[in-house]
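Structure first, then comments.
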Amino acid sequence: MMKSHGCSWLLSFPRDAGDEVLEHGIEDGTSVLYLSGVWRLSNLGAIVDALRSLKLDAGRTFVLDGSRLEALDTAAGFTLFRHLAGLGCSESMVSGRGFDQRHSRLLRLVHERMKCPPAAARSIHLGLVQRVGAAAINLWRLLVSHNAFVGAVALDALDLVPRPRRFRLRETVSQFESAGLDAVPIVALVTFLIGVVFAYLLGQQALRYGANIFVVDGVGLAICRELSPLLAAVIVAGRSGAAFTAQIGTMKVQEEIDAISTLGLSPIQVLVVPRLAAITVALPLLVFVGDAAGIAGGMLVAAWQLDLPPQTFIDRLHDALALKQVVVGLVKAPVFAVFIALIACRMGMLVSRDARSVGVNTTSTVVQCIVWVILIDAVFAVVLQHLEI
Amino acid sequence: MDRVLEVDSVVTRFGAETVHDGVSFSVARGEVVALIGASGTGKSVLLKEIIGLLRPTAGRIRLLGTDVWGSSPAALNELRRRFGMLFQDGALFSSLTVAENIAVPFRENTDLPMDIIAPLAGFKLALVGLPPETGRKTPAQLSGGMRKRAALARALALEPEILFLDEPTSGLDPVGARAFDSLVRLLCDSLGLTAFIVTHDLDTLLSIIDRVIVLSAGKVIADGPVARVMRAEDRWIREYFAARAPAVA
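Just so you know, the sequences run in chain order S and R. When the letters of the first sequence are read in order and numbered with our numbering, they come out as residues -14 to 374. When the letters of the second sequence are read in order and numbered with our numbering, they come out as residues 383 to 631.
Below, the structure written as structure tokens:
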């Protein structure tokens, strides 16, 4: 170990590191920095500590001695140069000696590549106000682009009117099967259970007043006008909406959409119109299935809990449930369907070329569809109330 | 000679199909070796077996002195920190920025604080010749060549002793491909790395490779310096090297 003569040098021995990696001394009036031991990534913590406690006089030249170096890698070399630069050492102030040929080659490469300053790897964190603002702007842009998409779909669909042979019947039927027929069991199950629950809860109250028979009115109205359309739409949004976005999004990732355009076809006519047509037809049918299943659920509870035999239930239903209530429910369905199809296809088209965005957009589709379905349902409720329907 | 990779009579079968029928070779420290062979000769399969992703039916593979398929998962994970792998399309994590991608090996395998990792990740980018602002981009925003360089930076993060590259120049234009080749060679020479490259690219072979191993019909049919293998009698080898001739003439 070198003895220190000049007081201008503060010695630094990292004792906690086990092996010393850095020694500092004066030799013939020149200050020498000995690198020793293992200068590797695995030892980088100790190296950084040693370098941090090192204090050099600005403006003095010194020698880097590599003769005691056992191993060196780029991480350690980079850290060394970075700290020396941070201490205000310029290139002309440092000279090297005693380095193994491999080590000096490595240091040369590191030094050369460090000339472009290293990037700050930190991601930007936005404040609350900025986040709210950015989210609002993004939402606004999304709504505007949805609007433009509605226009594009309308034009392409109108374009099919004089050329009906371009309408893809086979694709439409296949989408109808997967979005409509395959959803029948789950829609029937869910609405049946809701019918059971609704009739049960309503029955508990009705029993107290001896008004058992009015359970029929309640179940019929609630299921046909509100619950069945809403539940069927939510199920279709979750099943088919998500599927549409994922299918179209994956096609986008694989550049299939571009291929469709290149072949002189309209992606909207090929992909969007069949899906739109399929669920616009399928959803009212699913709602009708839901109506029947929900009423069946109510009927079961009525017979079992409220002493209302099915025949009485049906007679009462005939009187209490006006046809227009059922029609209102069925009319809402295609409107929901159009929104679901447009949002789902649009979000599929918006997928960018990486794996993550398919997942992000699919999630967004389901959320947007459910929110829109409920919003439209509220609008229907208010408007129909004013029209006294 | 210090052998960093020894492949000893490896046999691979998928059902009735035999992919490798006793493949043996070794790689010395500091060599830049290429593995070539026609499509379907199991080059990628062999690479997966070497880096411990796919178990061979029979045979032994020793990588950096560790028996890849005879050691515990813990020892295998220890080994995995000592080599780097560049996948064909980079395999960068698409949900992270490029700088975060390069920081992943540091974050998972060292206990260094972020204020050391961030500049190190930035330096790795510079090491593979990418400008600093690349670090803030996501992999989807990069061109093919930049994505390969970024993936190389991630593969180099933990200062590997051996680097495996799967088709490093596929999908790059000739200029970009040659630049990538010389980067690999420069890194190998400067850092004392060993490189094992699976490739189809004849230009890579002729420019940066010390030794070439030819795989055909489940066996190694040639193994030696490029100039010697070029003159081999095998029909596939002759056609392979002749494929370049019209362009040269």
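Note that CB positions come from ideal geometry on N, CA and C, so glycine has one too.
Following the DSSP letters along the chain, one finds S:A56 inside the beta strand (DSSP E) bounded by residues F47 to L57.
Under the 10 Å beta carbon count, R:A456 is surrounded by fewer than 16 other beta carbons and is classified as exposed. Counting C-beta atoms within 10 angstroms of its own C-beta, S:V312 has fewer than 16 neighbours from the protein chains shown and is therefore classed as exposed. For S:S225, the three-state secondary structure derived from DSSP is helix.
In the structure shown, S:E240 falls within a coil segment according to DSSP collapsed to helix, strand and coil. At a cut-off of 9 Å between C-beta atoms, R:K530 does not count as an interface residue with respect to chain S.
Between S:Q254 and S:F152, the C-beta gap is smaller than 9 Å, which places the two residues in contact. Within the model, the alpha-carbon separation for R:V414 versus R:A539 is close to 19 Å. Rounded to whole angstroms, the separation of the alpha carbons of S:A281 and R:F475 is 51 Å. DSSP, reduced to helix, strand and coil, places R:E413 outside both helices and strands of the structure shown, so it counts as coil. Interface with chain R (9 Å Cβ-Cβ cutoff): S:T64 is included. Taking C-beta atoms as the reference points, S:L36 and S:T64 count as a pair closer than 9 Å.
DSSP, read as helix, strand or coil, puts R:S476 in coil.
For the 9 Å CB-CB criterion, S:A340 and S:V221 do not form a contact.
For S:W24, the enclosing beta strand (DSSP E) covers residues T15 to W24. Listed along chain S are R87, each with a C-beta nearer than 7 Å to that of R:G574. A distance below 8 Å between beta-carbons, with the five flanking residues on each side excluded, links R:S564 to the following residues of its chain, in chain order: S589 and I590. The stretch 289 to 307 of chain S makes no contact with the stretch 329 to 349 of chain S; the number of CB pairs closer than 8 Å stays below 3.
Contact between S:I208 and S:G283 holds: their C-beta atoms lie close to 7 Å from each other, under 8 Å.
DSSP places R:A503 inside the alpha helix (DSSP H), whose first and last residues are M496 to L509. The beta carbons of R:T394 and R:T448 sit no closer together than 9 Å. Per the coordinates, the alpha-carbon of R:V409 lies some 26 Å from the alpha-carbon of S:W24. Look at S:R93: its C-beta is under 9 Å from a C-beta on chain R. Judged by beta-carbon spacing, S:D85 lies beyond the 9 Å limit of R:E541, meaning their Cβ atoms are not closer than that value. Under the Cβ distance rule, S:D58 counts among the residues neighbouring chain R, one pair being separated by less than 9 Å. One Cα belongs to R:P550, the other to R:S426, and the distance between them is close to 13 Å. With the criterion set as a beta carbon lying under 8 Å from some beta carbon of chain R, the members of the stretch 21 to 33 of chain S are R25, L26, S27, L29, G30 and V33, in sequence order.
Distance from S:L308 to S:V272 at the Cβ level is roughly 15 Å; contact not present, criterion being Cβ atoms closer than 8 Å.
Counting every other CB atom within 10 Å of its CB across the protein chains shown gives R:G422 a total below 16, marking it as exposed. Distance from R:I595 to R:L417 at the Cβ level is roughly 5 Å; contact confirmed, criterion being Cβ atoms closer than 8 Å. About 26 Å separates the beta carbon of S:T157 from that of S:A278, a gap too long to meet the 8 Å contact definition.
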